[in-house]
Amino acid sequence: MPALLAFDSSAAHCAAVLVRDDAIAETRFQAMERGQAEALMPILTDLLRGAGLGWNGIDAFGVGIGPGNFTGTRIAVAAARGLALATGRPALGISMFDILRHAEEEVPDPVLTCLPAPRGQVYAELRPGDGSTQTFTFDGDEPILPRDLPDGTVILGHRAEDLALRLGGTGRPRHIADLPRSLGREAMRRFGGGPPFSRPAPLYARAADAAPPREMPPPIVP
Numbered sequence: 001m002p003a004l005l006a007f008d009s010s011a012a013h014c015a016a017v018l019v020r021d022d023a024i025a026e027t028r029f030q031a032m033e034r035g036q037a038e039a040l041m042p043i044l045t046d047l048l049r050g051a052g053l054g055w056n057g058i059d060a061f062g063v064g065i066g067p068g069n070f071t072g073t074r075i076a077v078a079a080a081r082g083l084a085l086a087t088g089r090p091a092l093g094i095s096m097f098d099i100l101r102h103a104e105e106e107v108p109d110p111v112l113t114c115l116p117a118p119r120g121q122v123y124a125e126l127r128p129g130d131g132s133t134q135t136f137t138f139d140g141d142e143p144i145l146p147r148d149l150p151d152g153t154v155i156l157g158h159r160a161e162d163l164a165l166r167l168g169g170t171g172r173p174r175h176i177a178d179l180p181r182s183l184g185r186e187a188m189r190r191f192g193g194g195p196p197f198s199r200p201a202p203l204y205a206r207a208a209d210a211a212p213p214r215e216m217p218p219p220i221v222p
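Residue numbers (the UniProt record's numbering): 1 to 222.
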């Protein structure tokens, strides 16, 4: 497999992974509440330097598209698009839902994949088994979904067992223990024959509610 560089800043962190020869070669993870815009590119540069590669040695870029922090997600997506444009290499978007679903054995549809969101909310992706996908947010303490869950639905991830008691279905707790490696494995799956990918774009499971920034946000390359 060619060299693949994937990274994410959709929450309070910057995470990066380099995949070479079907294996994870280098990882970086730095927790941070803010400052991802200033930290991301130096982290990627350090990772490549450690592997003895330059930007032109990368064959494709992967980027976490959320759902997560509005500004942090846009920072990483803008970086991936810019790198793809500058190097002429493809970029693929990787959702946190996919990373969680494939962190261990894959759960067949129908499945409701759940991730923690601010203020007790839950980001959710429902795959009902008919080929469609629906993404939304709900209150974890008073869960009201936009549709009934199909029979046999597995609720996967954040608060899975509690939500299964409230909504029906089977709860299967799961979390992402090592984000850089999980990101790398999902990037390998996608790049190595998984679903086709298009230009990455932020995945918003709810309307942005961030306060207006003091500085202009990073532009999304058209």
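By construction, the Cβ of each residue, glycine as well, lies at the ideal position given by its N, Cα and C atoms.
Bridge-paired residues (DSSP) for residue i
i    : result
Q134 : L126
D8   : A15
A201 : Bridge partners of A201: none, in fact.
R20  : A23
D139 : Q121
First through last residue of the alpha helix (DSSP H) which encompasses residue i
i    : result
T45  : Q36 to A51
P116 : Counting along the chain, P116 falls outside any alpha helix (DSSP H), though it belongs to the beta strand (DSSP E) covering V111 to P116.
R28  : No alpha helix (DSSP H) contains R28, which is instead part of the beta strand (DSSP E) from A23 to A31.
I99  : M96 to R101
R119 : Segment: none, R119 is in no alpha helix (DSSP H) and carries neither H nor E.
R181 : L179 to F191
Supposed contact pair residue j and residue i - C-beta distance, whole angstroms, cut 8 Å
i    : j    : result
P128 : P150 : 5 Å
A25  : A51  : 6 Å
Backbone secondary structure at residue i - three-state DSSP
i           : result
R172        : strand
T71         : helix
residue 225 : Nothing about residue 225 can be reported from this structure: the residues present for the chain run from 1 to 222 only.
V154        : strand
R166        : helix
R89         : coil
R159        : coil
P2          : coil
V107        : coil
G54         : coil
Boundaries of the beta strand (DSSP E) in which residue i is found, first to last residue
i   : result
G62 : A60 to G64
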